[in-house]
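Just so we're aligned: the sequence shown equals residues 6 to 611 in the numbering used here.
All residues carry an ideal CB built from backbone N, CA and C; glycine is no exception.
It should be emphasised that the depicted structure is a prediction, and the values quoted were computed from it without experimental measurement.
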Amino acid sequence: MARTTVEQPLTYLKQRAGEDWLIGYNSYQFHHLTEQLCQQLTEFSQGGTLPKILLAEQNPLRFLAAFLAAVATNCPVFLGNPHWVDQEWRQVLDLVQPDLIFGGSKVGVISSSVEYLHFGEKKAEGRGQRAEGKEEGCKLEGNDNCLGGHDVSYDEKVFTTVNANQSRPVSASPRPCFSVSPRPPVSASIFIPTGGSSGKIRFAAHNWQTLMASVAGFHQYFEQKPINSFCVLPLYHVSGLMQFLRSLTTGGRIVIMPFKALMEGRRQEAGGRRQEAGGRRQEAEGRRQESEGSSDEKISFTTMHENSCLRVPVSPRPRVPASPRPRVPASLRPRVPLKGEECHINPKEFFLSLVPTQLARLINLDASAWLSSFRTVLLGGAPPWNSLLEEARRYKIPLALTYGMTETASGIVTLKPEAFLSGNNSSGQVLPHAQVTIRNTTGEILNANQTGMITIQADSLALGYYPEAEAFNPQSLIPDFPTDDLGFVDQQGYLHIIGRRSNKIITGGENVFPPEVEAAIQATELVSDVCVIGVPDADWGQMVTAIYVPNAQTVSHQLLATALEEQLSSYKRPKNWISVAKLPRNAQGKVNYEQLQAMVNGCLTT
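Given below as structure tokens:
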């Protein structure tokens, strides 16, 4: 895990000058916007204090340009989810106390102590005005005409500025720099939100070096450079941001498309195929009737023949296009073609990243051939269920199961597609920039195939959480980053995840790990989603409880319980079954256990 000197953001950007690497957008405009923002932030920082920036911009180009500008000017930048609800915004504002907010349309509603500023000389009426009794905020100037492209104009609100005289708690702005691995503390400047499963927002403290270590480990492991990315994950999430950084810094290209838009495109394309097929059938039927006449006998034979055909099992997998360079379907192309031309990519050269629920939805939309055409489909964010993996393997989708977290700047363990297609369902092997050990509760390192606590060392490891600080103690029993995950490493060096320590259920003295029960329930194919937790019980200690989304109205808990009789030991089978319309998952597919527990409590007490 040797550290190497890395180039700074603007160096990479200058190296890409003249390249059309942002597929669907004008790369020159992006470069120019980034330089403009760097200049504005430099001028804003002339007083000697670097502003804390909360970045919650929905537009991808603005988000990424502001991110690079903040990093290049050494301004602390906190990535934000533009879809946070009011309560979450209040929590983040209280925690971060930002000086500048990029995006965040709800902030003005939540807090009256902010004012909006615009690029350009003219301020919109009702915004950017000095609040009564407060000093006027700093004005960011720019050239209204410097960008002519779509979605990057300066005529909308861009920055929100907290008034300079706003009082803040003294303890609100410490720079977290504690180390959870044996390396010297380094100043953190990039703060990425992580809610985990608790729902409480925290910011993992990174810097440019930790993110670049993640990029280096990725391209060394896959022996791939440049790295091309097809990004459908949120950019404020580590898994979305790292796709951009991999492509930027390795000379690769990137497609940025919200998953919702991708799904809509797939639905439209599937509908178009059905209409086209229906049209061909009608045309063929017309030609047949024209050539054969219209006798009752012939019509009867044709009807019987067509009905028989409908009963023949047909593989749901669409045929893979024969062309070595398949075009991106119109519904999947980025909104703005480059230089007025249609945008073409070769999926065989691209990495696609998904969470399990996204993969399942795409397969259900007959997108398996499209998925199988990618170089690699990275799968992480939440545990996949076995039936999903079997289906992906049947369609020859080149999955790369990954294990990582916000704290490690994305994946540190990855399964290569060839191993997956050969039947391996593990999380894979450790990337070059990381080390993984399995320890027991006393810190002792366990041998192969022994289950224990997964602990991590990595050059990409976060420096702590904002704003807490813990100095690294070299005498610590476990100098690594202790996760909440349980697993083991087999003789071949593959990591297998068993479950989370905090989610382990102890019922009647027996240990039950929810992923095993969830996988068994998913395998029944009677549910579209499920989560298993333990509920306190006076007799059992905890009762195994399944919260599920049925596939049909006819699915009952009795039907599910019967289906599990031959699959799970009796103590592992749920004692409580709760049917819901939807599980509280975030954009990355993780369950919010705080909300889930509230749902369960409401159901069990009524």
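Query raised in the report: In chain order, what residues of the same chain have a beta carbon less than 7 Å from the beta carbon of Val-101, not counting five sequence neighbours either side?
Result: Taken in chain order, the residues that qualify are Lys-57, Leu-59 and Phe-83.
* To do: Decide if Leu-500 is buried, meaning its Cβ has at least 16 other Cβ atoms within 10 Å, or exposed.
  => Sixteen is the threshold: when 16 or more other Cβ atoms of the shown chains lie within 10 Å of the Cβ of Leu-500, as they do, the residue is buried.
Cβ-based burial, Ile-511 [other Cβ within 10 Å; buried from 16]: By the Cβ-count criterion, Ile-511 is exposed, with fewer than 16 other Cβ atoms from all chains shown falling within 10 Å of its own Cβ.
*Rounded separation between Gly-23 and Glu-530 - CA only*: Gly-23 and Glu-530: Cα-Cα distance of roughly 51 Å.
Query raised in the report: Looking only at C-alpha atoms, which of Leu-564, Glu-570 and Ala-467 sits nearest to Ala-209?
Result: Ala-467
key: Distance between Gln-20 and Gln-593 (C-alpha atoms, nearest Å)   = 32 Å
Exercise. Could you give the residue range of the beta strand (DSSP E) that holds Ala-61?
Worked result: 58-61
Does the distance from the CB of Arg-578 to the CB of Asp-534 come in under 9 Å?
Contact annotation: Arg-578 and Asp-534 have beta-carbon atoms that are not nearer than 9 Å.
Problem set entry | Sufficient close CB pairs (3 or more, under 8 Å) joining the stretch 425-437 to the stretch 356-373 | no
Checklist entry - Cα separation between Gly-492 and Ser-432? => result In a straight line, the C-alpha of Gly-492 is about 10 Å away from that of Ser-432.
Does the structure place the stretch 351-358 close enough to the stretch 231-250 that three or more beta carbon pairs sit under 8 Å? yes
| Looking only at DSSP bridge pairs, what is Pro-198 linked to? | Phe-208
Extent of the continuous beta strand (DSSP E) run through Val-76: In the DSSP annotation of this structure, Val-76 is not part of any beta strand (DSSP E); the continuous alpha helix (DSSP H) holding it starts and ends at 65-77.
- Cβ-based neighbour list, Leu-18, same chain, cut-off 7 Å, excluding 5 preceding and 5 following: His-36, Thr-39 and Leu-73
Quiz item: What first and last residue would you give for the beta strand (DSSP E) that runs through Phe-235?
Solution: 233-236
Just how far apart, CA to CA, sit Val-441 and Tyr-470?
21 Å
Taking DSSP's pairing of strands, which residues face Gly-469 in a bridge? In the DSSP output, where bridge partners are listed per residue, Gly-469 has none listed.
Checklist entry - What residue from Asn-508, Gln-96 and Phe-264 has the CA that sits closest to Leu-364's CA? => result Phe-264
_On the criterion of 16 or more Cβ atoms from any shown chain inside 10 Å, does Gln-13 qualify as buried, or is it exposed?_
The residue is exposed, with fewer than 16 neighbouring Cβ atoms inside 10 Å.
Subject >> Through-space distance from Thr-407 to Glu-423, alpha-carbon basis >> reply: 14 Å
Should Asn-86 go down as buried or exposed, given a rule of 16 or more other Cβ atoms within 10 Å for buried? The residue in question, Asn-86, is buried, as its Cβ has 16 or more Cβ neighbours within 10 Å.
Query raised in the report: From Thr-460 to Gln-34, what does the alpha carbon distance come to, in whole angstroms?
Result: Answer to the nearest angstrom: the Cα atoms are 43 Å apart.
For this session: Measure the Cβ-Cβ separation of Ile-197 and Leu-246 and say whether it is below 9 Å.
Result: Taking 9 Å as the cut-off, the Cβ atoms of Ile-197 and Leu-246 count as close.
Check: Which stretch, first to last residue, makes up the alpha helix (DSSP H) that contains Ala-528?
Finding: Where Ala-528 is concerned, the enclosing alpha helix (DSSP H) stretches over 519-528.
query: When we look at the beta-carbon of Leu-267 and count the other beta-carbons within 10 Å, is it buried (16 or more) or exposed?
result: buried
- prompt: So, is Gly-222 buried or exposed, given that buried needs 16 or more other C-beta atoms within 10 angstroms?
  reply: buried
Original post:
What is the C-beta distance between Val-532 and Val-549, in whole angstroms, given that I count them as a contact (C-beta under 8 Å)?
Top reply: Actually they do not touch by this definition, with Cβ atoms about 15 Å apart.
Whose CA, out of Trp-213, Gly-200, Trp-390 and Arg-67, lies closest to the CA of Thr-362?
Trp-390
Nearest-angstrom Cα distance between Gln-547 and Gly-457? 22 Å
Margin query: Can you tell me whether Ile-259 is buried or exposed? The criterion is at least 16 other CB atoms within 10 Å of its CB, across all chains shown.
Written below: buried
- Query: If Leu-451 sits next to Asn-445, beta carbons under 8 Å apart, how far is it from one beta carbon to the other, in whole angstroms?
  - Reply: 6 Å
Taking a contact to mean a Cβ-Cβ separation below 9 Å, would you say Val-522 touches Val-540 in this structure? No, they are not a contact pair.
If you draw a straight line from the alpha carbon of Glu-62 to that of Gln-45, how long is it in whole angstroms?
17 Å
message = For Leu-367 and Leu-384, which I take to be in contact (beta-carbon distance under 8 Å), what is that distance rounded to the nearest angstrom?
response = Between Leu-384 and Leu-367 the Cβ distance is about 11 Å, and since that is not below 8 Å, they are no contact.
Thinking C-beta only, is Ile-402 closer than 9 Å to Val-382?
yes
> What number of angstroms, rounded off, separates the C-alpha of Gly-607 from the C-alpha of Val-585?
Replying inline: 12 Å
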